[in-house]
Structures are given as C-alpha cells and as structure tokens.
Amino acid sequence: HLYNIGAVYIGSIFGIITLIGMFLLTARRVTTKSIRRLSSASDIFVNFLLLLIVFMGCYATLVTNIQHPDFNYRTSLSIWFRQLFMLKPDASLMSGVPIAFKMHILLGFTIMACWPFTRLVHVWSVPLTYINRRYII
1 HLYNIGAVYI
11 GSIFGIITLI
21 GMFLLTARRV
31 TTKSIRRLSS
41 ASDIFVNFLL
51 LLIVFMGCYA
61 TLVTNIQHPD
71 FNYRTSLSIW
81 FRQLFMLKPD
91 ASLMSGVPIA
101 FKMHILLGFT
111 IMACWPFTRL
121 VHVWSVPLTY
131 INRRYII
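In terms of full-length UniProt numbering, the sequence shown opens at residue 1 and continues consecutively.
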C-alpha cells in the first residue's frame, strides 16, 4: 500500500512537471517561426503524440485513481505487460482496466510504431566520433 501511494504521488509530481515541459516545448515548436521552419510534419506529430501520452498518463494516475480507488494496476497491468514481453499476454487481465490506462498504453504502442519513421531513431545512435573530434570553434 505504501508503494502504491508513493508511486502515485511522486509519479504525479514528475508527470505534471513533464507535462508542463512537453507543453512548453510543443508550443515553442509550433509558435516560433525559425523552429517551425526546421520542423517536419513528423516532428510536430511526435511532439503532440508525446504530449498526449504524458497527459493520458497523468489523467490515468490522478483522475482514474480517484474514480476507481479499488483499481490496482499491480494485479492487472503489470502482470499483462510481463506476459506481453514473454509473448503470452492474457487479454482477460485487461478487461477491468479503466479506459484511461488503455488509451495511455495504446498511445505508447503508437509512438513505438512511429519510432523508425521519425527523428526518434537518433536515440539509438552513439556519437563516439565526438570523443576525438577537434573543436569547431
């Protein structure tokens, strides 16, 4: 019980901080002409998708936990994810999960599907040549 309270409160604080940061970054990308000019449609799509993912995560944690205080993600979602990674998911575990959590998961899967077609692929590159590179200035 103490773990759940800590996860909800501490997670909510960091989730709200992340939501504010994503909102500011998305607004900057859309409203600043020099940044918008350099942004592709996929960049803007990824920003809005990340903003929506973080929003749904905060909504699921804050609002849904108040609406469904008896819901415990550790007895359904965490087991389902573990089974999913073992390629043996049990769909019945998702039947009692509130829709906000399902939307958050669906959006997470959506960004993973879009990953190879956006600039998110750069997270996998390791700039080892920067170690020995001469200073530019």
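Think of the CB as a built atom: it goes at the ideal place given N, C-alpha and C, for glycine as much as any other residue.
The structure presented is a predicted model; accordingly, all values stated were derived computationally and were not measured.
Going by beta carbon distance, what residues of the same chain come within less than 7 Å of residue i, once the five residues before and after it are set aside?
i	result
Trp115	Val121
Trp80	Pro89, Asp90, Leu93, Met94
residue 192	Outside the displayed span of the chain (1 to 137) sits residue 192, for which this structure offers no information.
Thr118	Ser42, Val46
Roughly how many angstroms separate the alpha carbons of residue i and residue j, rounded to a whole number?
i	j	result
Cys58	Asp70	18 Å
Met22	Ala7	21 Å
Ile17	Gln83	31 Å
Thr75	Val97	10 Å
Asn132	Asn65	51 Å
Leu2	Gly15	19 Å
Gln67	Ile10	19 Å
Thr129	Leu38	25 Å
Leu24	Ile111	20 Å
Asn72	Leu87	23 Å
Phe85	Tyr135	44 Å
Between which residues of its own chain and residue i is the CB-CB distance below 8 Å, once the five residues before and five after are set aside?
i	result
Leu107	Leu49, Leu52, Ile53, Met56
Compare the beta carbon distance of residue i and residue j with 7 Å and say whether it is the shorter of the two.
i	j	result
residue 165	Ala60	Because the chain in this structure spans residues 1 to 137, residue 165 falls outside the shown range and cannot be described.
Ile20	Arg29	no
Asn47	Thr26	yes
Leu62	Ser12	yes
Identify, in the order they occur along the chain, each residue of the same chain with its Cβ nearer than 6 Å to the Cβ of residue i, setting aside the five sequence neighbours on each side.
i	result
Lys102	none
Gln105	Position check: residue 105 holds Ile in this sequence, whereas Gln was assumed. Within the same chain, Ile105 has no close Cβ partners at all.
*Taking only runs of the beta strand (DSSP E) that begin and end inside the stretch 61 to 106, which ones reach a length of at least 3 residues, in chain order?*
none
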